[in-house]
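Note sheet for the following structure.
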Ligand code: PLP
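Numbering (the working numbering), first residue to last: 53 to 427.
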């Protein structure tokens, strides 16, 4: 099995597994209980929190743990709307982009049922947001601008610092989905609320975090025992927090090494695939561990079925399951056939060049065989 689906999830780092084990077994105390064991668990969680904060690398805010990045984004968006309403603010508009993850798009859709005026901006054929279009939409009615840093389906980056500056000029809150960016690229400064997820950086599933700029915190999200600054109640899992913290520390320490490795892998993959493939999205503004490509006259779903020993994906893992062509590929202007002839190869820290080249050659050969059938 060759694993090339790093955007869906990443393999758990051995260091993460080792760090988590004691907190699953003998060190089982409730981190919020006043016993010595409880205090030890709490201290481990606080170390993890600092490590995540350091990996995010922004000053003037705090990290709150959540159950996933999806939860963090729901909290950021819904909580900001609620806070504004309680404060009697007249701001009622949310601006986002057509290529956002469903965690943002569906939450924004839900907000429209609560009376929010939503604008979903298009992207160009490179997958980039046109800042002039954004400028036309920005005014004092805008409460939130929500734009992701690195796209999960096509790897394209957005100019988040510039977008944040523009949002701030009209007094809006900048929300950023940095799930595919953390540990992979330098996080742009500017956002007020940043969502991240452990399992995309070789940590465990079931834990994410929301970084909140002081003064820009959303309203409390989960009510109960008052954990996480009284804003997101529920007993924290020391194992998951420690796993996330360890993954963040590793990502921080290895960022340049991992990045260089990914650049080399990208070049090797392009070479092994051959010239018949077209890259989806910008080649200049991207994270190179995400290779979204298409080839005329192939049926990507059949390719996936034919190559069971290689784990890769159509548009995104979510779109793969649904049978619907990816909204991101449609947003960059691909027609139905082009979207259905697209695959996504995701690689990173533990991918060897040998495996990647072998997989790409198999993919290229299977695609060629399909072309012959069609011809
Ligand atoms: N945002 C992006 C860009 C993602 O790729 C994902 C996961 O696929 C999410 C949000 C949701 O993250 P989680 O799995 O932690 O809910």
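The beta-carbon is built from N, C-alpha and C at its ideal position, and this holds for glycine as well.
Source: prediction; values computed, not measured.
Query raised in the report: Would you say residue 260 and residue 299 are within 7 Å of each other, going by their C-beta atoms?
Result: One-based indexing of the chain shown puts residue 260 at position 208. One-based indexing of the chain shown puts residue 299 at position 247. Result no, Cβ atoms of residue 260 and residue 299 do not sit closer than 7 Å.
Query - Identity of the residue in 208, 316, 331, 391 nearest residue 350 by Cα - result: Position 298 of the chain shown holds residue 350. Nearest C-alpha to residue 350: 391.
**Report entry** Cβ-based neighbour list, residue 133, same chain, cut-off 8 Å, excluding 5 preceding and 5 following
**Finding:** Counted from its first residue, the chain shown places residue 133 at position 81. 146, 163, 166, 168, 195, 196, listed in sequence order.
Requested in this report: Note down the Cα distance separating residue 55 from residue 360, rounded to an integer number of angstroms.
Outcome: Residue 55 sits at position 3 when you count from the first residue of the chain shown. Residue 360 sits at position 308 when you count from the first residue of the chain shown. The alpha-carbon atoms of residue 55 and residue 360 are separated by roughly 11 Å.
Query raised in the report: Could you give the distance in angstroms between the alpha-carbon of residue 222 and the alpha-carbon of residue 273?
Result: On the chain shown, position 170 is the one that residue 222 refers to. On the chain shown, position 221 is the one that residue 273 refers to. If you take the alpha carbons of residue 222 and residue 273, they lie about 26 Å apart.
**Report entry** Local Cβ density within 10 Å of residue 153, reported as buried at 16 or more and exposed below that
**Finding:** For the purposes of this step, residue 153 is taken as the residue at position 101 of the chain shown. Its Cβ being crowded by 16 or more others within 10 Å, residue 153 is buried.
Query raised in the report: Could you check where the alpha helix (DSSP H) with residue 432 kicks off and where it finishes?
Result: There is simply no residue 432 to check, as the chain begins at 53 and stops at 427 in what is shown.
Query raised in the report: By how many angstroms is the C-alpha of residue 129 removed from the C-alpha of residue 160?
Result: Locating residue 160 in the chain shown gives position 108, where the first residue counts as 1. Locating residue 129 in the chain shown gives position 77, where the first residue counts as 1. Going from the Cα of residue 160 to the Cα of residue 129 covers about 7 Å.
Query raised in the report: Between 124, 307, 191, 358, which lies nearest to residue 142 when the distance is taken from Cα to Cα?
Result: For the purposes of this step, residue 142 is taken as the residue at position 90 of the chain shown. Of the listed residues, the one whose Cα sits closest to residue 142 is 191.
Query - For residue 274, the residue or residues it bridges with in DSSP - result: The residue given as residue 274 occupies position 222 in the chain shown. Per DSSP, 284.
Query raised in the report: Hey, residue 235 and residue 336: beta-carbon distance below 7 Å or not?
Result: The count along the chain shown starts at 1 and reaches residue 235 at position 183. The count along the chain shown starts at 1 and reaches residue 336 at position 284. For residue 235 and residue 336, no; Cβs fall outside 7 Å.
Query raised in the report: Relative to the ligand PLP, is the shortest distance from any of its heavy atoms to the C-beta of residue 229 smaller than 6 Å?
Result: Residue mapping note: residue 229 aligns to position 177 of the chain shown, counting from 1. Yes, the beta carbon of residue 229 sits closer than 6 Å to at least one heavy atom of the ligand PLP.
**Report entry** The alpha helix (DSSP H) enclosing residue 122, as first and last residue numbers
**Finding:** Here residue 122 corresponds to residue number 70 of the chain shown, with the count starting at 1. Per DSSP, residue 122 belongs to the alpha helix (DSSP H) from 121-138.
Query - Delimiting residues of the alpha helix (DSSP H) encompassing residue 212 - result: Translated into the one-based positions of the chain shown, residue 212 becomes position 160. From DSSP, the alpha helix (DSSP H) with residue 212 extends over 212-221.
Query raised in the report: Alpha carbon to alpha carbon, how far is residue 101 from residue 66?
Result: Here residue 101 refers to the residue found at position 49 when the chain shown is read from its first residue. Here residue 66 refers to the residue found at position 14 when the chain shown is read from its first residue. The straight-line gap from Cα to Cα measures roughly 20 Å.
Query raised in the report: Just curious, the alpha helix (DSSP H) that residue 357 is in, first and last residue?
Result: Residue mapping note: residue 357 aligns to position 305 of the chain shown, counting from 1. Unbroken alpha helix (DSSP H) run through residue 357: 352-358.
Query raised in the report: Cβ-heavy atom distance between residue 332 and the ligand PLP below 6 Å?
Result: Position 280 of the chain shown, counted from the start, is the residue given in the question as residue 332. No.
Query - Sequence-distant residues of the same chain with beta carbon closer than 7 Å to residue 280, five excluded per side - result: Numbered from its first residue, the chain shown carries residue 280 at position 228. Closer than 7 Å at Cβ, skipping near neighbours: 116, 117.
Query raised in the report: Starting from residue 57 and walking both ways along the alpha helix (DSSP H), at which residues does that stretch end?
Result: As a working mapping, residue 57 is identified with position 5 in the chain shown. No alpha helix (DSSP H) contains residue 57, which DSSP labels as neither H nor E.
Requested in this report: Along the alpha helix (DSSP H) that carries residue 321, what are the first and last residues, could you check?
Outcome: The sequence position of residue 321 within the chain shown is 269, counting from 1. It spans 290-325 - the alpha helix (DSSP H) in which residue 321 sits, taken as one unbroken run.
Report task. Please look up how many angstroms separate the CB atoms of residue 329 and residue 347, rounded, as I've assumed it's under 8 Å. Result -> The residue given as residue 329 occupies position 277 in the chain shown. The residue given as residue 347 occupies position 295 in the chain shown. Right, the Cβ-Cβ distance comes to about 5 Å (below 8 Å), so this counts as a contact.
Query raised in the report: What residue range is occupied by the uninterrupted beta strand (DSSP E) comprising residue 227?
Result: Residue numbering aside, residue 227 sits at position 175 when the chain shown is read from its first letter. From DSSP, the beta strand (DSSP E) with residue 227 extends over 225-229.
**Report entry** Three-state secondary structure assigned by DSSP to residue 419
**Finding:** The residue given as residue 419 occupies position 367 in the chain shown. In this structure, residue 419 counts as helix in the three-state DSSP scheme.
Report task. Please indicate yes or no: does the CB of residue 153 lie closer than 6 Å to some heavy atom of the ligand PLP? Result -> The residue labelled residue 153 in the question sits at position 101 within the chain shown. Result yes, Cβ under 6 Å from the ligand PLP.
Requested in this report: Tell me whether residue 200 sits in a helix, a strand or coil according to DSSP, three-state version.
Outcome: As a position in the chain shown, residue 200 is number 148, starting the count at 1. Here residue 200 sits in coil by DSSP.
Query raised in the report: Can at least three beta-carbon pairs, one atom from the region 377-388 and one from the region 205-214, be found at a separation below 8 Å?
Result: yes
Query raised in the report: Are the region 80-98 and the region 215-232 in contact at 8 Å, needing three or more beta carbon pairs?
Result: no
Query - C-alpha gap between residue 357 and residue 76, whole angstroms - result: Residue 357 sits at position 305 when you count from the first residue of the chain shown. Residue 76 sits at position 24 when you count from the first residue of the chain shown. Approximately 37 Å, taken between the alpha carbons.
Report task. In the DSSP assignment, find the beta strand (DSSP E) that holds residue 90 and state where it starts and stops. Result -> The residue labelled residue 90 in the question sits at position 38 within the chain shown. No beta strand (DSSP E) contains residue 90, which is instead part of the alpha helix (DSSP H) from 88-108.
**Report entry** Span separating the alpha-carbon of residue 177 from that of residue 79
**Finding:** Taking the first residue of the chain shown as 1, we reach residue 177 at position 125. Taking the first residue of the chain shown as 1, we reach residue 79 at position 27. Residue 177 and residue 79: Cα-Cα distance of roughly 52 Å.
Query - Outcome for residue 327 when other beta-carbon atoms lying within 10 angstroms are tallied against a minimum of 16 - result: Residue mapping note: residue 327 aligns to position 275 of the chain shown, counting from 1. Classification for residue 327: exposed.
Report task. Output yes or no for whether 7 Å exceeds the beta carbon distance between residue 393 and residue 179. Result -> Taking the first residue of the chain shown as position 1, residue 393 is located at position 341. Taking the first residue of the chain shown as position 1, residue 179 is located at position 127. Contact: no.
Query raised in the report: Taking 6 Å as the line, does the beta carbon of residue 300 fall inside it for any heavy atom of the ligand PLP?
Result: Walking along the chain shown from the start, residue 300 turns up at place 248. Not so, every heavy atom of the ligand PLP lies at least 6 Å from the Cβ.
Requested in this report: Using only the heavy atoms of the ligand PLP, determine whether one of them is closer than 6 Å to the beta carbon of residue 260.
Outcome: Position 208 of the chain shown, counted from the first residue, corresponds to residue 260. Because some heavy atom of the ligand PLP lies under 6 Å away, the Cβ of residue 260 counts as near it: yes.
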